[in-house]
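K.L.:
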Amino acid sequence: MTQKERYAFVLNYFETHSPNAETELIYDNPYQLLVAVILSAQCTDKRVNMTTPAIFERYPDVYALSKATFDDLFPLIRSISYPNNKTKHLIGMANMVVEEFNGEIPATVAELVKLPGVGRKTANVITSVIHHQPNMAVDTHVFRVAARIGLTHNAKTPLQTELQLIKNIPKDKIHIAHHWLILHGRYICVARTPKCEECGLRPACKYYAKLVKAQ
Numbered sequence: 002m003t004q005k006e007r008y009a010f011v012l013n014y015f016e017t018h019s020p021n022a023e024t025e026l027i028y029d030n031p032y033q034l035l036v037a038v039i040l041s042a043q044c045t046d047k048r049v050n051m052t053t054p055a056i057f058e059r060y061p062d063v064y065a066l067s068k069a070t071f072d073d074l075f076p077l078i079r080s081i082s083y084p085n086n087k088t089k090h091l092i093g094m095a096n097m098v099v100e101e102f103n104g105e106i107p108a109t110v111a112e113l114v115k116l117p118g119v120g121r122k123t124a125n126v127i128t129s130v131i132h133h134q135p136n137m138a139v140d141t142h143v144f145r146v147a148a149r150i151g152l153t154h155n156a157k158t159p160l161q162t163e164l165q166l167i168k169n170i171p172k173d174k175i176h177i178a179h180h181w182l183i184l185h186g187r188y189i190c191v192a193r194t195p196k197c198e199e200c201g202l203r204p205a206c207k208y209y210a211k212l213v214k215a216q
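For the sequence shown, this note's numbering assigns the number 2 to the initial residue and increments by one for each residue that follows.
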């Protein structure tokens with residue numbers, strides 16, 4: 002199977018079986034999604050979704066959050082990984098959005114990465130989810146799944162993975178392909194013992210081909 006055929010098979014499979022894939026983070030607007038994504042770094046979406054309602058009730062918009070003190074916000078995210086840093090990042094992010102972006106969450110990667118706590122992955126999530134921009138956020142799931150299937154080759158960093166994926170995925174599908182790969186990695190192509198027997202991508206998967214050959 003050529004690389005072009007592999008991509009075609011994988012994308013067709015996901016389009017057929019997960020046409021409406023989306024983030025599992027719960028949010029109502031760009032502000033809420035940005036808060037949730039900042040909190041989600043090295044933390045599960047489930048835990049984030051348990052935490053954000055109290056934050057959004059107390060700080061319903063970026064203006065309210067910009068006025069938060071560390072001592073007020075920290076208890077609300079104590080159960081999240083790295084709560085000290087994330088408390089500082091959220092307050093710093095809110096202040097910058099208010100002061101430099103007139104309270105509007107930026108809509109470009111270049112602007113978003115200026116915000117405290119926002120790296121390239123987070124910026125790619127916001128722009129692809131909210132604006133359907135052709136940006137590919139690469140987390141541990143995307144990195145692993147793309148390499149196992151064979152969508153990427155010798156990609157050593159998230160950026161290398163991102164560049165290979167967006168080169169081969171049609172522009173209009175990149176924003177949803179991000180969710181396809183994450184969800185596949187979260188529930189099927191898990192890190193330690195991938196559930197190959199449940200996976201419909203076996204005909205195109207290099208990892209599975211090696212398993213079969215080794216038996």
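Glycine residues also receive a C-beta, built at the ideal position from the N, C-alpha and C atoms. From a predicted model like this one, the values you see are computed outputs, not experimental measurements.
Quick check on the DSSP output: what are the complete alpha helix (DSSP H) runs of length 4 or more inside the segment 122-209, in order along the chain?
P.N.:
DSSP runs (the alpha helix (DSSP H)) wholly in the segment 122-209: 141-150, 159-169, 175-188.
K.L.:
Looking at the structure shown, is Phe102 part of a helix, part of a strand, or coil, going by DSSP?
P.N.:
DSSP places Phe102 in coil when its eight states are reduced to three.
K.L.:
Between Ile170, Arg149, His180, which has its C-alpha nearest Lys211's C-alpha?
P.N.:
If we check each option's Cα against that of Lys211, Arg149 comes out closest.
K.L.:
Report yes if the CB atom of Ile92 is closer than 9 angstroms to the CB atom of Ser67, and no otherwise.
P.N.:
It is a contact, given that the beta carbons lie within the stated cut-off.
K.L.:
Beta carbon of Pro22, beta carbon of Leu184: below 9 angstroms?
P.N.:
The sequence shown places Ala at residue 22, rather than the Pro named in the question. Going by C-beta atoms, Ala22 is nearer than 9 angstroms to Leu184.
K.L.:
Classify Ser80: buried if its beta carbon has 16 or more other beta carbons within 10 angstroms, exposed otherwise.
P.N.:
The residue in question, Ser80, is exposed, as its Cβ has fewer than 16 Cβ neighbours within 10 Å.
K.L.:
In angstroms, rounded to a whole number, what distance separates the CA positions of Phe15 and Leu116?
P.N.:
Each residue's Cα considered, the two are about 33 angstroms apart.
K.L.:
Would Met94 be called buried (16 or more neighbouring beta carbons within 10 Å of its own) or exposed?
P.N.:
It is buried - the Cβ of Met94 has at least 16 other Cβ atoms within 10 Å.
K.L.:
What is the rounded straight-line gap between the Cα of Gln134 and the Cα of Asp140?
P.N.:
Using only the alpha carbons, I get a separation of about 17 angstroms.
K.L.:
Going by DSSP, what residue range makes up the alpha helix (DSSP H) through Ser67?
P.N.:
From DSSP, the alpha helix (DSSP H) with Ser67 extends over 63-67.
K.L.:
Going by CA-CA distance only, name the one from Thr162, Lys122, Tyr32, Lys89 that's closest to Arg145.
P.N.:
Checked all of Thr162, Lys122, Tyr32, Lys89; the closest Cα to Arg145 is Thr162.
K.L.:
Considering only C-alpha positions, which residue in the set Lys174, His180, Ser129 is nearest to His142?
P.N.:
When only C-alpha atoms are compared, the closest one is His180.
K.L.:
By Cβ distance below 6 angstroms, which residues in the same chain neighbour Gly169 in space, the five residues on each side in sequence not counted?
P.N.:
For the sequence presented, residue 169 should be read as Asn rather than Gly. Cβ neighbours of Asn169 beyond the five flanking positions: Tyr8.
K.L.:
For Ala108 and His90, which I take to be in contact (beta-carbon distance under 8 angstroms), what is that distance rounded to the nearest angstrom?
P.N.:
Contact flag wrong, Cβ pair sits at about 20 angstroms.
K.L.:
Shortest alpha-carbon distance to Gln165 belongs to which of Gly186, Ala138, Val36, Tyr188?
P.N.:
Gln165 has its Cα closest to that of Ala138, out of Gly186, Ala138, Val36, Tyr188.
K.L.:
Which of the three DSSP states is assigned to Gly120 in this structure?
P.N.:
Coil, per DSSP.
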